[in-house]
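Numbering (our numbering), first residue to last: 1 to 139. Backbone N, C-alpha and C fix where the C-beta goes; we use that ideal spot for every residue, glycine too. Below: one structure, written as structure tokens.
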């Protein structure tokens with residue numbers, strides 16, 4: 001039986017005190033903003049999905065997040081719904097079907113801007129253009 005040591009401060013088996021991101025991960029883990037994976041890892045090199053980012057962003061607001069999941073829903077749908085209810089973004093900008101997809105930096109900015117109170121209300125045409133440009137940039 002092999003035992004992988006867990007860093008006491010971060011709580012993750014793959015985050016070492018010598019990692020440049022150690023303090024940040026430890027801080028947000030301690031505040032309950034990130035939980036990592038069920039196997040005890042953080043997976044610092046993974047791509048972040050919409051669902052993961054919305055989970056972190058909504059937890060960072062300090063708001064009480066109501067569990068609105070229905071059977072078969074993605075695990076992060078309550079965070080998604082909370083952002084919609086608060087007006088941080090709308091369903092034409094981010095849809096429930098996006099929750100498992102990698103999130104682009106542009107959409108991270110949309111969410112953060114909404115949380116900060118910037119009244120970023122994109123028209124449907126602007127949303128389509130943003131999606132087109134972001135997908136072209138990722139090619």
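Three-way DSSP call (helix, strand, coil) for residue i in this model
{"i": "residue 68", "result": "coil"}
{"i": "residue 37", "result": "coil"}
{"i": "residue 44", "result": "coil"}
Environment of residue i [buried if 16+ CB atoms lie within 10 Å]
{"i": "residue 109", "result": "exposed"}
{"i": "residue 53", "result": "buried"}
{"i": "residue 76", "result": "buried"}
{"i": "residue 116", "result": "exposed"}
{"i": "residue 83", "result": "buried"}
{"i": "residue 37", "result": "exposed"}
{"i": "residue 21", "result": "exposed"}
{"i": "residue 55", "result": "buried"}
{"i": "residue 93", "result": "buried"}
N-terminal and C-terminal residue of the alpha helix (DSSP H) that residue i is part of
{"i": "residue 107", "result": "105–115"}
{"i": "residue 53", "result": "50–60"}
{"i": "residue 94", "result": "Run containing residue 94: none; DSSP gives neither H nor E here."}
{"i": "residue 82", "result": "77–86"}
{"i": "residue 22", "result": "22–30"}
Spatial neighbours of residue i in its chain, beta-carbon cut-off 6 Å, leaving aside the 5 residues before and after
{"i": "residue 11", "result": "29"}
{"i": "residue 46", "result": "none"}
7 Å Cβ shell around residue i - same chain, five flanking residues per side excluded
{"i": "residue 78", "result": "65, 66, 67, 68, 69"}
{"i": "residue 89", "result": "83, 110, 111, 114"}
The stretch 68–84 / the stretch 13–31 touching (three or more Cβ pairs under 8 Å): Look at the beta carbons and you see the stretch 68–84 not touching the stretch 13–31: under three pairs across the two are nearer than 8 Å.
The stretch 38–56 / the stretch 95–107 touching (three or more Cβ pairs under 8 Å): Yes, the stretch 38–56 is in contact with the stretch 95–107.
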